[in-house]
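Protein chains: 2
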Amino acid sequence: MSNEKKKMIVKSKEFSFGTDNEPLELDCGKTLAPVNITYETYGKLNQAKSNAVLILHALTGDAHVAGYHSETDKKPGWWDEMVGAGKAFDTDKYFIVCSNIIGGCTGSTGPRSINPETGKPYNMDFPFITISDMVRAQHRLMQHLEVSRWLSIAGGSMGGMQALQWGVDYPEAVNSVMAIATTTRLSPQSIAFDWVGREAIMSDANWRNGEYTDDLEPDQGLAIARMVGHITYLSDEAMDKKFGRRLQTKTKQSIDFSRNFQVESYLEYQGQQFVERFDANSYLYISRAMDYYDLSKKGDGDLNKSLEKVTSPFLVVSFSSDWLFPKSHSKELVKALRNNNIDATYCDIESSYGHDAFLLEIDTLGKLISGFLASRTDEVNKNVK
Amino acid sequence: MSNEKKKMIVKSKEFSFGTDNEPLELDCGKTLAPVNITYETYGKLNQAKSNAVLILHALTGDAHVAGYHSETDKKPGWWDEMVGAGKAFDTDKYFIVCSNIIGGCTGSTGPRSINPETGKPYNMDFPFITISDMVRAQHRLMQHLEVSRWLSIAGGSMGGMQALQWGVDYPEAVNSVMAIATTTRLSPQSIAFDWVGREAIMSDANWRNGEYTDDLEPDQGLAIARMVGHITYLSDEAMDKKFGRRLQTKTKQSIDFSRNFQVESYLEYQGQQFVERFDANSYLYISRAMDYYDLSKKGDGDLNKSLEKVTSPFLVVSFSSDWLFPKSHSKELVKALRNNNIDATYCDIESSYGHDAFLLEIDTLGKLISGFLASRTDEVNKNVK
Numbered sequence: 062m063s064n065e066k067k068k069m070i071v072k073s074k075e076f077s078f079g080t081d082n083e084p085l086e087l088d089c090g091k092t093l094a095p096v097n098i099t100y101e102t103y104g105k106l107n108q109a110k111s112n113a114v115l116i117l118h119a120l121t122g123d124a125h126v127a128g129y130h131s132e133t134d135k136k137p138g139w140w141d142e143m144v145g146a147g148k149a150f151d152t153d154k155y156f157i158v159c160s161n162i163i164g165g166c167t168g169s170t171g172p173r174s175i176n177p178e179t180g181k182p183y184n185m186d187f188p189f190i191t192i193s194d195m196v197r198a199q200h201r202l203m204q205h206l207e208v209s210r211w212l213s214i215a216g217g218s219m220g221g222m223q224a225l226q227w228g229v230d231y232p233e234a235v236n237s238v239m240a241i242a243t244t245t246r247l248s249p250q251s252i253a254f255d256w257v258g259r260e261a262i263m264s265d266a267n268w269r270n271g272e273y274t275d276d277l278e279p280d281q282g283l284a285i286a287r288m289v290g291h292i293t294y295l296s297d298e299a300m301d302k303k304f305g306r307r308l309q310t311k312t313k314q315s316i317d318f319s320r321n322f323q324v325e326s327y328l329e330y331q332g333q334q335f336v337e338r339f340d341a342n343s344y345l346y347i348s349r350a351m352d353y354y355d356l357s358k359k360g361d362g363d364l365n366k367s368l369e370k371v372t373s374p375f376l377v378v379s380f381s382s383d384w385l386f387p388k389s390h391s392k393e394l395v396k397a398l399r400n401n402n403i404d405a406t407y408c409d410i411e412s413s414y415g416h417d418a419f420l421l422e423i424d425t426l427g428k429l430i431s432g433f434l435a436s437r438t439d440e441v442n443k444n445v446k
Numbered sequence: 062m063s064n065e066k067k068k069m070i071v072k073s074k075e076f077s078f079g080t081d082n083e084p085l086e087l088d089c090g091k092t093l094a095p096v097n098i099t100y101e102t103y104g105k106l107n108q109a110k111s112n113a114v115l116i117l118h119a120l121t122g123d124a125h126v127a128g129y130h131s132e133t134d135k136k137p138g139w140w141d142e143m144v145g146a147g148k149a150f151d152t153d154k155y156f157i158v159c160s161n162i163i164g165g166c167t168g169s170t171g172p173r174s175i176n177p178e179t180g181k182p183y184n185m186d187f188p189f190i191t192i193s194d195m196v197r198a199q200h201r202l203m204q205h206l207e208v209s210r211w212l213s214i215a216g217g218s219m220g221g222m223q224a225l226q227w228g229v230d231y232p233e234a235v236n237s238v239m240a241i242a243t244t245t246r247l248s249p250q251s252i253a254f255d256w257v258g259r260e261a262i263m264s265d266a267n268w269r270n271g272e273y274t275d276d277l278e279p280d281q282g283l284a285i286a287r288m289v290g291h292i293t294y295l296s297d298e299a300m301d302k303k304f305g306r307r308l309q310t311k312t313k314q315s316i317d318f319s320r321n322f323q324v325e326s327y328l329e330y331q332g333q334q335f336v337e338r339f340d341a342n343s344y345l346y347i348s349r350a351m352d353y354y355d356l357s358k359k360g361d362g363d364l365n366k367s368l369e370k371v372t373s374p375f376l377v378v379s380f381s382s383d384w385l386f387p388k389s390h391s392k393e394l395v396k397a398l399r400n401n402n403i404d405a406t407y408c409d410i411e412s413s414y415g416h417d418a419f420l421l422e423i424d425t426l427g428k429l430i431s432g433f434l435a436s437r438t439d440e441v442n443k444n445v446k
């Protein structure tokens, strides 16, 4: 079959708008221009343009969802096990699109982009962005790609927030939605963790109100924010299995402040890796967008009302040990969808991986996704005939 | 009755040792001298010296468990609702003792105390301390007070760890133990949160390897550590009830990075309050002692074995929504106690307050404690007769 071991090579693409045409309108009342969007595509758009699937990334993700950028590239995209020939998002069947969100730091316009008014990076002059703003920018990309309706829109975590927002803001452009390990609004506990992460960044002496240089970045603060995040992405059970109280060395335990416990070493490693690939100001803006996200706003605070214009079927997936985006939130969403007579399939996957499960429970989640996509394809083809 | 509104005035007392007599032996192999212990007592020791109860404080607590230091003092001790005339720890009946742990910063010898070898504060030259070390110092205080056997030893959270350690290290000196919202060892998740807190302190430019001055302390780092702590002390449910997603102002929401959500304002307030009363180096040492605490060490890693010499009855209390010291840990302890034929009463109190419940569920917890103390008193009196 097509599932051979050959590396799938993919190139990032760029799309810009706002200079010769409409700038991006933002929820805060400001506009953004120029707007650059870095995106990747996989597979081919069919003649009927009916097989396009949009994948949306989480807080620290990027457009590189699968494959490799070159033959020598060592690490594949962030959801490589899910996207490719013969995989859940089967690139032999579907035209897959993934773009870096605005506010991000891996190609799309964000706080470190050049402010055309000053010729310098925006930094904290970057306008506040919302999940809806991200979606509005993606809609411009959709028009550019000449896709008029997505077969499906899928996202996990913050990607799921965007997927939900697509369903509400552009019901005519969405054939179906897959909302995975997500919520219609963060709990105060999650807002609190985000607050601590941002405090760590903004307290870092190198942050300098966001005006740090590329040589001297607020790495310590950003690493702390990442470490807090990582604790919330894992479950207590997963940490217990993965690390327990095991020490780094097997010699007699030395009591000191260095990273003696394996879980400490893990966190430090995650923090260090992260600062090499992510930007502190982007972290501030994106995490803030998550805090303020509330799908019910469209319905003046009434979630049922906000879903009134939604027509597309939903697949909603939660994971049993996810305490950051708990299943109670998914159930609330499903209830509101069904109150609106929307066809909502819900599955809580038994998993000990916590929130990270949406990146790790490949088999179970993959089957749900491929089945859902197949049924949506059948539905579309039936309507065409 | 004696439960009138008159303020109970109490004075802190000091006890020093190690200069003219044995220094304090520490688990790390070093010794500590001089050792000062700040403590408070409430009620009177009876003639039979059979009514002494030791209360042990948590990570950021102190010796001031109840009452006021003066008539003008506004805030009572940290467990004032539990300790006093007619209260659960009834000062009309019991002689209550509470001391600040070594390593602390409210009177007892800790990292900011003067190192006699240098004439300067120890700071990071302070030896590593363990929960057993804290208990060993308390045992010296016990001898000083001429108490030969505690009617009961009670503690919540880290205080509970000390209470357990007392039962194991000095079984002959302990008539009963109350282990509340505690564990025989922290989970990797808790170790991870502690790690993040210490990273925040040690990353603060003002920390200067612990050599900060009183004018310029690592307040930002310590505040972040405290905020992380506070999130873990509350439950998701408690935060939802207390703050939800409510905003500080009732006007139209302004999206920015200031503390807009009530939960953010709460955290910031807690952080600010904390840095005024607590020391950063103490936080490092004490939280590290918690990480390394493992009651099973006494039994070479076997909890059952570590409890072999314990004879006193136990009251073990957990709280349903406490995810930092979850009930599964208490159940494990109770099982190990019962495996050793120790009389262990266990209660999981239904509460939405999370770990903080041990400070807040006064009525239910108070009844359990007063009942347990009464039954222990009866038992002691019966044996005397």
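Protein sequences appear in the order of chains G and V.
Start counting the first sequence at 62; every next residue gets the next number (the working numbering).
Start counting the second sequence at 62; every next residue gets the next number (the working numbering).
The beta-carbon is built from N, C-alpha and C at its ideal position, and this holds for glycine as well.
Please read these numbers as outputs of a predicted model, since none were measured by experiment.
Original post:
At what residue ranges does the segment 158–213 of chain V contain a whole run of the beta strand (DSSP E), taking only runs of 3 or more?
Top reply: Listed in chain order, there is nothing to give.
Worksheet item: Going by C-alpha distance, which of Gly305/G, Asn267/G, Arg259/G, Ser296/G is nearest Arg287/G?
Response: Comparing Cα positions, the closest option is Arg259/G.
Identify every residue that forms a DSSP beta bridge with Gly216/G. DSSP, once it has assigned bridges, lists Leu117/G, Ala240/G as partnering Gly216/G.
### Task
Round the Cβ separation of Ser160/G and Thr99/G to the nearest angstrom and send it over; I've been treating them as touching at under 8 angstroms.
Contact holds; Cβ gap of about 7 angstroms.
Q) So which residues of chain G does Ile285/V contact, with C-beta pairs closer than 7 angstroms? A) For Ile285/V, the chain G residues whose C-beta falls within less than 7 angstroms of its own C-beta are Val257, Glu260, Ala261, Ser264, listed in chain order.
- Message: Our contact map puts Ala234/V next to Met203/V with C-beta atoms below 8 angstroms; I'd like the distance itself, whole angstroms only.
- Response: That belief holds up - the Cβ atoms of Ala234/V and Met203/V are roughly 7 angstroms apart, short of 8 angstroms.
For a test of your reading of the model: does the CB of Thr438/V fall under 8 angstroms from any non-hydrogen atom of the ligand COA? Yes or no.
Absence of the ligand COA from the depicted structure is noted, as is the absence of any ligand whatsoever, leaving it without description.
Residue range of the alpha helix (DSSP H) that Ser379/G falls in? From DSSP, Ser379/G is part of no alpha helix (DSSP H) but of the beta strand (DSSP E) over 375–380.
**Cβ-Cβ separation, Ser381/G to Glu411/G (assumed contact under 8 angstroms), whole Å** = The distance from the Cβ of Glu411/G to that of Ser381/G is about 5 angstroms, consistent with a contact at the 8 angstroms cut-off.
Q. What's the call for Asp352/G, buried or exposed, on a 16-neighbour Cβ count within 10 Å?
A. Buried is the call here.
Taking Cβ positions, are Ser213/G and Leu115/G nearer each other than 9 angstroms? Yes. Within cutoff.
Alpha carbons only, please: which of Lys110/V, Ser111/V, Asp194/V, Tyr103/V is nearest the one belonging to His130/V?
Closest option to His130/V, judged by alpha-carbon separation, among Lys110/V, Ser111/V, Asp194/V, Tyr103/V: Tyr103/V.
query = Going along chain G in order, which residues have a C-beta closer than 9 angstroms to the C-beta of Leu345/V?
reply = Those are Phe318, listed as they occur along chain G.
### Task
Give me the Cα-Cα distance between Arg307/G and Glu272/G, rounded to the nearest whole angstrom.
Taking C-alpha positions only, Arg307/G is separated from Glu272/G by approximately 41 angstroms.
Would you mind working out which of Cys408/V, Asp383/V, Val377/V sits nearest Leu398/V, comparing C-alpha positions? Ranking the options by Cα distance to Leu398/V, first place goes to Val377/V.
With a 10 Å radius around its C-beta and 16 neighbouring C-beta atoms as the bar for buried, classify Ser296/G as buried or exposed.
Looking at its Cβ environment, which holds 16 or more other Cβ atoms inside 10 Å, Ser296/G is buried.
- Item | Top-ranked residue by Cα proximity to Gly362/G, from Ala418/G, Asn267/G, Arg246/G, Asn402/G | That would be Arg246/G, whose Cα lies nearest to the Cα of Gly362/G.
Q.
Mapping the DSSP letters down to three states, classify Arg246/V as helix, strand or coil.
A. It is a strand residue.
The beta strand (DSSP E) spanning Lys74/G covers which residue range?
Membership of Lys74/G in the beta strand (DSSP E) is indicated by the continuous run 74–78.
Thr274/V versus Asn342/V, Lys392/V, Thr438/V, Lys91/V, residue with shortest Cα-Cα distance:
Looking at the Cα atoms, Asn342/V is the closest of the given residues.
- Task: Just confirm the distance between the C-beta atoms of Leu120/G and Ala113/G, as a whole number of angstroms; I'd bet it's less than 8 angstroms.
- Result: Contact between Leu120/G and Ala113/G is ruled out by a C-beta separation of about 24 angstroms, above the 8 angstroms threshold.
Proximity to Ile292/V [Cα-Cα], best of Ser248/G, Lys392/G, Gly282/G: Residue Ser248/G holds the alpha-carbon nearest to the alpha-carbon of Ile292/V among Ser248/G, Lys392/G, Gly282/G.
Exercise for the section: Indicate whether at least one CB of chain V lies closer than 9 angstroms to the CB of Gly79/G. Expected result: Answer no: the Cβ-Cβ gap between Gly79/G and chain V never drops below 9 angstroms.
task: Below 7 angstroms between beta carbons is the criterion; list the residues of the segment 223–257 of chain V that meet it against any residue of chain G, in chain order.
output: Contact annotation: in the segment 223–257 of chain V, residues whose CB is within less than 7 angstroms of a CB in chain G are Arg246, Ser248, Pro249, Gln250, Ile252, Ala253, Phe254, Trp256, Val257.
Report task. Closer than 7 angstroms by C-beta to Gln223/V: which residues in its own chain qualify, once you throw out the five before and the five after it? Chain order, please. Result -> By the criterion of a C-beta distance shorter than 7 angstroms, Gln223/V is surrounded in its chain by Leu117, Ile192, Met195, Val196, Gly216, once the five residues flanking it on both sides are discounted.
Residues that Met351/V contacts on chain G, provided the C-beta gap is smaller than 7 angstroms:
Residues of chain G passing the Cβ test: none, with the nearest at roughly 12 angstroms.
_With the cut-off set at 9 angstroms, would you say Pro137/V and Ala146/V are in Cβ contact?_
Against a cut-off of 9 angstroms, the Cβ pair of Ala146/V and Pro137/V comes out as no contact.
* To do: Between the Cα of Met414/V and those of Lys303/V, Lys72/V, Asp230/V, spot the shortest distance and give me the residue it belongs to.
  => As written in the sequence, residue 414/V is Tyr, which differs from the Met given in the question. It is Lys303/V.
What number of angstroms, rounded off, separates the C-alpha of Pro177/G from the C-alpha of Glu75/G?
-> Between Pro177/G and Glu75/G, the C-alpha separation is close to 18 angstroms.
*Identify each residue in the segment 299–313 of chain V for which the Cβ-Cβ distance to at least one residue of chain G is less than 7 angstroms, and report them in chain order.*
Residues Met300, Asp301, Phe304, Gly305, Arg306.
message: Helix, strand or coil for Ala405/V? Go by DSSP, reduced to three states.
response: Three-state DSSP puts Ala405/V in a strand.
Original post:
Anyone know if the C-beta pair for Ile262/V and Ile285/V falls short of 9 angstroms?
Top reply: Going by C-beta atoms, Ile262/V is nearer than 9 angstroms to Ile285/V.
Subject >> Partners in chain G for Glu325/V, counting only beta-carbon separations shorter than 8 angstroms >> reply: Neighbours of Glu325/V on chain G, chain order: Ile252, Ala253, Trp256.
Quick one: residues in its chain with C-beta nearer than 7 angstroms to the C-beta of Gln331/G, no 5 flanking neighbours on either side, listed in chain order? Cβ neighbours of Gln331/G beyond the five flanking positions: Arg287, Met288, His291.
TODO: Could you work out which residue in Leu328/V, Gln199/V, His125/V is closest to Leu87/V when comparing CA atoms only?
DONE: Per the Cα distances, Gln199/V.
Select from the segment 97–114 of chain V all residues with a C-beta closer than 7 angstroms to any C-beta belonging to chain G, and list them in chain order.
Flagged: no residues at all.
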